[in-house]
Amino acid sequence: MYFAALLARTEDGWEASDTELDDVETLSDLADLARESSSDESTVLVLIEQEDAWFGVVRVDGEEDPRIYVSDAAAAARSSYGEILLTDELLGRDPGDDDVADLDSLDLDGTEDGEAEDDTEGDGEDDSPSAEAVPHGPVGDIRILDDLGVGEKELLTLSDDALTEIADALGASDILEAVR
């Protein structure tokens with residue numbers, strides 16, 4: 050089960066709204082959604098969690114590039130919402146690697162007409178680019194919430210109820226619970 054909410058900083062504190070991510074396909078779409086939720090160029094946090102698996106925080110400050118933190122990249126990689134957050138830059142990959150990997154994965158050994166290919170190595174391992182390892186554990190900006198009261202040490206040790214703990218530190222737990 051997924052939960053996603055926007056927390057927008059206002060002059061009066063934080064405002065929360067739950068959000069549907071069905072129309073969000075890229076990090077840019079997510080950043081635009083966050084910017085639309087704020088009347089000025091204040092800080093907006095997008096909080097996403099998959100129950101008992103991972104959570105992510107995307108921070109958008111005005112027109113600056115979004116900052117991202119994901120608690121467990123490998124778990125998030127198995128999620129459609131997590132894939133939005135796991136950009137090439139966040140994972141330390143060159144943005145053009147996908148194109149090269151796609152070319153490398155083409156079967157140009159004469160079996161493209163449906164002939165059976167012999168697996169002479171017999172190792173049974175998947176050498177496809179999609180099997181590329183995504184790190185287990187956290188990735189991204191561990192200082193994303195430092196100025197808001199959640200230091201890197203606290204962020205790295207958050208429990209299963211991480212979003213509530215973040216909201217508590219921000220003084221926004223009541224409004225986050227109201228949209229849950």
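One rule links them: number in our numbering = place in the sequence shown (from 1) + 49.
All C-beta atoms in this analysis are idealised placements derived from N, C-alpha and C, irrespective of residue type, glycine included.
Bear in mind that the values here come from a model prediction, so they are computed numbers and not experimental data.
- In the three-state DSSP reduction, S222 falls in the helix class (H, G or I).
- Under DSSP, V109 forms a beta bridge with V93.
- Take the alpha-carbon of A54 and the one of Y130: they are about 13 Å apart.
- In the assembly as shown, E98 is a buried residue. Its beta-carbon has 16 or more other beta-carbons within 10 Å.
- Its chain contains A124 as the residues whose beta carbon lies nearer than 6 Å to that of A102, once the 5 sequence neighbours on both sides are disregarded; these appear in chain order.
- In this structure, L96 keeps its C-beta atom at 8 Å or more from the C-beta atom of L134.
- By the Cβ neighbour-count rule, L76 is buried, with 16 or more other Cβ atoms within 10 Å of its own.
- Taken through DSSP and simplified to helix, strand or coil, S66 comes out as strand.
- Under the 8 Å Cβ criterion, the region 114-124 counts as touching the region 187-198, having at least three qualifying pairs.
- CA-to-CA, the gap between E85 and T206 works out to about 31 Å.
- In the three-state DSSP reduction, G131 falls in the helix class (H, G or I).
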